[in-house]
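As numbered in full-length UniProt numbering, residues 1 to 704 make up the sequence shown, in order. All residues carry an ideal CB built from backbone N, CA and C; glycine is no exception. Since the model is a prediction, treat every value here as computed from it, not as a measurement. The next block holds one structure in the form of structure tokens; read it before the comments.
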Amino acid sequence: MSDLKQTYKTTCSYCGVGCGIEITRNGRDRLNLSGDQCHPVNKGMLCSKGMNLHYTAMDRSDRLMYPHMRGNKGYPLEKTTWDTAMQRAARVFKTLIDRHGPDSVGFYVSGQCLTEEYYLVNKLVKGFLGTNNIDTNSRLCMSSAVAGYKQALGEDSVPIAYEDIELADCFLIAGANPAWCHPILFRRLEAHKAKNPDTKIIVVDPRVTDTCQSADLHLQIMPGTDMVLFHAIGRCLIDNGHIDEEFILNHTDGFNLYRKEVMKMTLKEAAAICRVSVDEIKLAANYIGRSKGFITMWAMGLNQSTQGVNKNLALLNLNLITGHIGKPGSGPFSLTGQPNAMGGREVGGMANLLAVHKDLANPQHRQEVADFWKVDKIREEPGLTATKMFEALRDGKMKAIWIICTNPSVSMPNARLVDEALSNASFVVVQDISERSDTAKYADMLLPAASWLEKEGTMTNSERRISHLSQVIEPPGEALPDSEIICRFAQAMGFHGFDFKSAEEIYSEYCELTKGSSIDISGLSYERLKKEGTVQWPVYDSNHAGTSRLFTDHKFYTPNQRAQIKINAPGVAAEPVSSDYPLILTTGRIRDQWHTMTKTGKVNKLNKHLPNPFLELHPVDAAARGIGDGDPVVISNHRGEVRVNAVITTNIKPGVVFLPMHWGKLLGQDFGRANNLTDDSIDPVSKQPGFKFSAVEVKKYEKP
Ligand code: SF4
């Protein structure tokens, strides 16, 4: 790479908004970063995290630069060569598969992986290792939305584009705080409201967040009561005649059952359960019913629940009964937390999915993908999903795990189970950029990966927009792009079909597989992405401009092309509060940190915002426990405890407490890991854990 000044286009690698970034490289190591003025997503804007992203690439204080492995459990990690590491990994995987079967191994990857990497690891595991044990941290954030879309619309397809924000006049934002977690998207919404003051924003959240500052109505419900609220709003819409009868009749199934279900509960009963007023429910329904363009937005507050799929469906139903889908300024819009969670979904990057929206349960679909990969077959049974994978490791049913670009020791619910599982595993491979994550210490083999800016590839943002990421700098030491590591391992295993010479070759193979599917991108080459910029799928041929909005013909991906208004059986009940643990713990993000802080935690500017973990507690609950603002408190339940300082605030409902989810043990906050406490019960359909509802008690911490 030359030392001359050069400008590169790339995409922010934090949230799923997918902002365009320009990097100017001046000399070998000096990087300047700015928002891409021409990018349709952010038009030059960046949030605090995005504008400091290059520091994470330049800080090499904790970079893993060479492969390391232990001779045996308990021995120190020692530097080794790539060849030795790959031969050893292949030997271990072959032995375990021979002795215990292919399900004794698994891969746990990340919504930060590029599409090429995600595609390859799925090909490796499902096509060649003979197991479907490949899951991802997207299981923790988007799997309930995936299942909701599939049930209601026939496929996992986000119908709208960001440009619909500027065309809508009513927004229902549920279980999301985009002002902090999707800031640039939210700035577009704020700007739209500033220009169009009649635009209504309804926020549904148990906490008063920064997003509420722009809201016309904040429905501060009790955690877990979302479905009751959405059904009550649905009832009001029906009562007021604010439904689209023509759309319901011609393009949906299930309305009569829906009407029967929502009429079972009075508004008064619903209001009492949600702990909001009847008038507030009526006002929300009135805003929605009178709107011309209505967008529902949601994130973890709905997805991270043992009722996550049903909550998604209940919200989607509000779009379907009002006919607000497939037209400008209208539609359901799940907010993706990770930069390429969407790309991962496209390539089938979960234990129950198959590439390009094909169905793992369908024998023909499995054979089509197997034929494409030139393998005999793909197994029918879904693999182990995130929480089940770690349970299987703990119980000795799974022996080896390969973890790519994620830090489950901090991010998984019931984190102590994860620590136990990783300690108990026969073989743990951690492939990452950092040698110091909480998970890395369990590794039997540590493999140095190239970071953002050090590799080439593509990502898809929340609105199906595919972008190309340029390589700007060389990886340090012997670090390699994740795709190259996967290819080297596959070749060490003796598998064919992994002799790619570039990321572009992998992408081209994947594009070929998409041909004829609903996510066809066979018309979108690297050359075109580099020349034209970002494009939204599907992109059917090289002249097709991409697709900003889906379902404009009101034909859905279901067998009869009608959207399904669904009322499902209840999911798993959330963990009940009790006299021992009477408070509901909910967890979430703060503005300037991202995930487990392995990147944002290294940036001084970002650490200044909220430097330490804390517990939000209502004054009534604090007074009952003799806790003052700033006091050290211990939050506990039968899974573990957390010790932080209390923030006493009326921003949270009585009976509810909040902990940020970012801190782990290695950040000098031994007692701040929120997931010591979270419940690992999962939604029965999406298998997503219910991070937002765990029973706890809080006491003032007295030093022993
Ligand atoms: Fe990056 Fe998301 Fe911020 Fe955009 S909004 S700069 S994608 S973190």
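**OP:** Could you name the residues whose beta carbon sits closer than 5 Å to any heavy atom belonging to the ligand SF4, keeping them in chain order?
**Re:** 12, 14, 15, 17, 19, 46, 47, 49, 50, 183 and 184
**OP:** Sort 270, 328, 95 and 321 by Cα distance to residue 227 and report the nearest one.
**Re:** In the sequence shown, the residue the question calls residue 227 occupies position 227. With distances taken between Cα atoms, residue 227 lies closest to 270.
Original post:
What first and last residue would you give for the alpha helix (DSSP H) that runs through residue 95?
Top reply: Locating residue 95 in the sequence shown gives position 95, where the first residue counts as 1. 82-100 is the extent of the alpha helix (DSSP H) around residue 95.
Original post:
If residue 547 sits next to residue 659, beta carbons under 8 Å apart, how far is it from one beta carbon to the other, in whole angstroms?
Top reply: What you label residue 547 is simply residue 547 of the sequence shown in a count that begins at 1. What you label residue 659 is simply residue 659 of the sequence shown in a count that begins at 1. Not a contact, Cβ separation roughly 40 Å.
Original post:
Could you give the uninterrupted runs of the alpha helix (DSSP H) lying entirely in the stretch 429-466, keeping only those of 4 residues or more?
Top reply: none
Subject >> Three-state class that DSSP yields for residue 196 in the structure shown >> reply: To locate residue 196, count along the sequence shown from 1; it is residue 196. DSSP places residue 196 in coil when its eight states are reduced to three.
Original post:
Ordered along the chain, which non-local residues of its own chain (more than five positions away) have a Cβ less than 7 Å from that of residue 52?
Top reply: Taking the first residue of the sequence shown as position 1, residue 52 is located at position 52. Only 603, 605 and 606 meet the Cβ criterion.
Original post:
Residue ranges of each alpha helix (DSSP H) run of no fewer than 4 residues wholly in the stretch 493-567, ordered along the chain?
Top reply: 503-514 and 526-532
Subject >> Close-in-space but distant-in-sequence residues of the same chain around residue 70 (CB under 6 Å, 5 per side omitted) >> reply: Counted from its first residue, the sequence shown places residue 70 at position 70. Closer than 6 Å at Cβ, skipping near neighbours: 77 and 444.
Subject >> residue 371 in three-state terms, based on DSSP >> reply: Within the sequence shown, residue 371 is the residue found at index 371, counting from 1. Helix, per DSSP.
**OP:** Determine the closest residue to residue 565 out of 251, 559, 396 and 492, with distance taken between C-alpha atoms.
**Re:** The residue labelled residue 565 in the question sits at position 565 within the sequence shown. Answer by Cα proximity: 251.
**OP:** Below 6 Å CB to CB, which residues in the same chain sit around residue 307 once its five sequence neighbours on both sides are set aside?
**Re:** As a first step, residue 307 is located in the sequence shown; it is residue number 307 there, counting from the start. 571, listed in sequence order.
Original post:
Is it right to say residue 26 is buried, meaning 16 or more other beta carbons lie within 10 angstroms of its own, or is it exposed?
Top reply: As a working note, residue 26 is residue 26 in the sequence shown. Label assigned to residue 26: exposed.
Subject >> Beta-carbon proximity list for residue 257, same chain, < 7 Å, skipping 5 on both sides >> reply: Translated into positions along the sequence shown, residue 257 becomes position 257. Cβ within range, chain order: 567.
**OP:** With a 10 Å radius around its C-beta and 16 neighbouring C-beta atoms as the bar for buried, classify residue 464 as buried or exposed.
**Re:** Translated into positions along the sequence shown, residue 464 becomes position 464. The residue is buried, with at least 16 neighbouring Cβ atoms inside 10 Å.
Subject >> Supposed close pair residue 583, residue 657 - CB separation, criterion 8 Å >> reply: Position 583 of the sequence shown holds residue 583. Position 657 of the sequence shown holds residue 657. With a Cβ gap of about 5 Å, residue 583 and residue 657 count as contacting.
**OP:** Spatial neighbours of residue 163 within its chain, please: CB distance less than 7 Å, with the 5 preceding and 5 following residues excluded, ordered by chain position.
**Re:** Locating residue 163 in the sequence shown gives position 163, where the first residue counts as 1. Same-chain partners within the cutoff: 548.
Subject >> Continuous beta strand (DSSP E) assignments of at least 3 residues falling wholly in the stretch 131-213 >> reply: 134-136, 170-174 and 200-204
Original post:
Where DSSP assigns a beta bridge to residue 637, which residues make up the other side?
Top reply: Your numbering for residue 637 matches position 637 in the sequence shown. For residue 637, which the question treats as bridged, DSSP gives the partners 640.
Original post:
So what does DSSP say about residue 260, is it helix, strand or coil?
Top reply: Here residue 260 is taken as the residue at index 260 of the sequence shown, counted from 1. It is helical.
**OP:** Report, in whole angstroms, the separation of the C-beta atoms of residue 662 and residue 554, which I expect to be a contact under 8 Å.
**Re:** Within the sequence shown, the letter at position 662 stands for residue 662. Within the sequence shown, the letter at position 554 stands for residue 554. Actually they are not in contact, since the Cβ atoms of residue 662 and residue 554 sit about 42 Å apart, beyond 8 Å.
**OP:** With a 10 Å radius around its C-beta and 16 neighbouring C-beta atoms as the bar for buried, classify residue 421 as buried or exposed.
**Re:** Taking the first residue of the sequence shown as position 1, residue 421 is located at position 421. That one is buried.
Original post:
At what residue ranges does the stretch 649-703 contain a whole run of the beta strand (DSSP E), taking only runs of 3 or more?
Top reply: 656-660 and 694-700
Original post:
From what residue to what residue does the alpha helix (DSSP H) around residue 620 run?
Top reply: Counting from one through the sequence shown, the residue named residue 620 turns up at place 620. Segment 619-624, the alpha helix (DSSP H) holding residue 620.
Subject >> Other residues of its chain near residue 375: CB distance less than 6 Å, five sequence neighbours each side excluded >> reply: Along the sequence shown, read from residue 1 onward, the residue named residue 375 stands at position 375. Taken in chain order, the residues that qualify are 127.
Subject >> Enclosing beta strand (DSSP E) for residue 332 [first to last residue] >> reply: Sequence index remark: in the sequence shown, residue 332 carries index 332 (1-based). Here the beta strand (DSSP E) through residue 332 covers 331-334.
**OP:** Indicate whether residue 268 and residue 278 have their beta-carbon atoms separated by less than 8 Å.
**Re:** Here residue 268 refers to the residue found at position 268 of the sequence shown. Here residue 278 refers to the residue found at position 278 of the sequence shown. It is a contact, given that the beta carbons lie within the stated cut-off.
**OP:** Indicate whether the contact test is met: 3 or more Cβ pairs, each with one atom in the stretch 296-315 and one in the stretch 115-129, closer than 8 Å.
**Re:** no
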